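Numbering of the sequence shown is given in this note's numbering, commencing with residue 619 and proceeding in unit increments.
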Amino acid sequence: MGWLETPDGRLRVGKVLGLVRNYRAHAEESGMQPPSEPVFFLKPTTALLPDGGRLVVPPDAGVLDAEAELALVIGETTKAVPAAQADASILGYCAFLDITARDLQRHAMAEGLPWTLAKGMDGFAPISALRPREEVGDPHNLDIRLAVNGEGAQQGSTAEMVHRIPEIVAAVSARLTLERGDVIATGTPAGVPRIGAGDQLDLRIPSVGRLRVTVKASGSP
């Protein structure tokens, strides 16, 4: 895909970054602690999937998890911005799902190998249309609710973030130049659900947006 829908049309996405263990309860349910500073990984833009899209599961993907997240979108070239000035770099926010092939990730981690494949397959980054920053209000006071097949599967609040958004933007931009259209997913609350072929995913973040995805087995109609 490589594109994001905005009120002004389509915006080209340059890179997609995800935060690691940015909610304490999620870190603890994974048997770990949150990192002392923001730690991030990259997903390819080919992983992006728009609202209403179909996530086609590769036959060797194994167990899949869906991590519901708030994502921010950068609006201008940003390098080494102080946290106090970081909000001005943000164009808007989206609802985001970080899809993870958990078996592949665990195997890679056990072998000391990168786990890009577990996070970066086609369709593994579903994303809603962008809502402008000015229309969202406080991004640290938003409910995150994910339903699977109409049943509540994951619920949390961005108030639970360990590292807040200005700190995230400052930390990332200190190491990587951020450009207009770059996406940063800010981490997931506890209670990550397992998903599979046939599931209907419905993520809602009030004042930000709604994201609906259908999971399909490879080769199915």
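Note that CB positions come from ideal geometry on N, CA and C, so glycine has one too. Computed from a predicted structure; not experimentally measured.
Next item on the list: State the DSSP-derived secondary structure class of A771, mapped to helix, strand or coil.
Entry: Correct three-state label for A771: strand.
Coil, strand or helix - P784 by DSSP: DSSP places P784 in the helix class (H, G or I) of the three-state scheme.
Under 8 angstroms between C-beta atoms of A808 and A643: Going by C-beta atoms, A808 is nearer than 8 angstroms to A643.
Inset, instruction - Go through its chain and collect everything with a Cβ distance to F742's Cβ below 6 angstroms, but skip five positions before and after it. - result: For F742, where only same-chain residues beyond five positions count, the Cβ hits under 6 angstroms are A665, I717.
| field | Beta carbon of R720 nearer than 8 angstroms to that of V681 | value | Their beta carbons are under 8 angstroms apart, which means R720 touches V681 by this criterion.
Margin query: So the candidates are R822, A698, V657, G770; which of them puts its Cα closest to the Cα of S746?
Written below: Residue R822 holds the alpha-carbon nearest to the alpha-carbon of S746 among R822, A698, V657, G770.
Presumed contact (8 angstroms Cβ cut-off) between L819 and L715, rounded CB distance | The pair is a contact, with the Cβ atoms about 7 angstroms apart (cut-off 8 angstroms).
| Proximal residues to S836 (C-beta, below 7 angstroms), its chain only, five neighbours per side dropped | Non-local C-beta neighbours of S836 in its own chain, meaning closer than 7 angstroms and more than five positions away in sequence, comprise V674, V675, P676, P677, ordered along the chain.
For T718, three-class secondary structure by DSSP: Residue state, collapsed to three classes: strand.
**Validate contact between the stretch 693 to 704 and the stretch 788 to 800 using beta carbons, cut 8 angstroms, 3 pairs** = The stretch 693 to 704 is in contact with the stretch 788 to 800.
_How far does the alpha helix (DSSP H) with L690 in it extend, from its first residue to its last?_
Taken as a continuous stretch (DSSP letters only), L690 belongs to no alpha helix (DSSP H), being part of the beta strand (DSSP E) at 682 to 692.
- prompt: For P732 and chain B, any beta-carbon pair shorter than 8 angstroms?
  reply: This model lacks chain B altogether, as it is built from one protein chain only.
Between the beta-carbon of M598 and the beta-carbon of Y641, is there less than 8 angstroms? Past the boundaries of the shown model lies residue 598; the chain is included only from 619 to 839, so the question cannot be answered.
| query | Near G827, what residues of its chain come up, given a Cβ to Cβ distance below 7 angstroms and the 5 sequence neighbours on each side ignored? | reply | Taking C-beta separations shorter than 7 angstroms and ignoring five residues to either side along the sequence, the partners of G827 in its chain run C712, A713, S746, A747, R749, following chain order.
Collapsed DSSP secondary structure at M779 in the structure displayed = Here M779 sits in strand by DSSP.
> Hey, how far is the Cα of R763 from the Cα of G770?
Replying inline: C-alpha separation (whole angstroms): 7 angstroms.
Would V787 pass as a contact of V657 if the rule is Cβ separation under 8 angstroms?
-> No.
Extent of the continuous alpha helix (DSSP H) to which K661 belongs: Secondary structure note for K661: it is in no alpha helix (DSSP H), and the uninterrupted beta strand (DSSP E) holding it is 658 to 661.
V766, DSSP secondary structure in three states:
Strand at V766.
- Nearest-angstrom Cα distance between K737 and D705? Approximately 27 angstroms between the Cα atoms of the pair.
Presumed contact (8 angstroms Cβ cut-off) between A803 and L622, rounded CB distance
A803 to L622, Cβ: 13 angstroms. No contact.
Margin query: To the nearest angstrom, how far is the alpha carbon of A777 from that of P668?
Written below: The straight-line gap from Cα to Cα measures roughly 26 angstroms.
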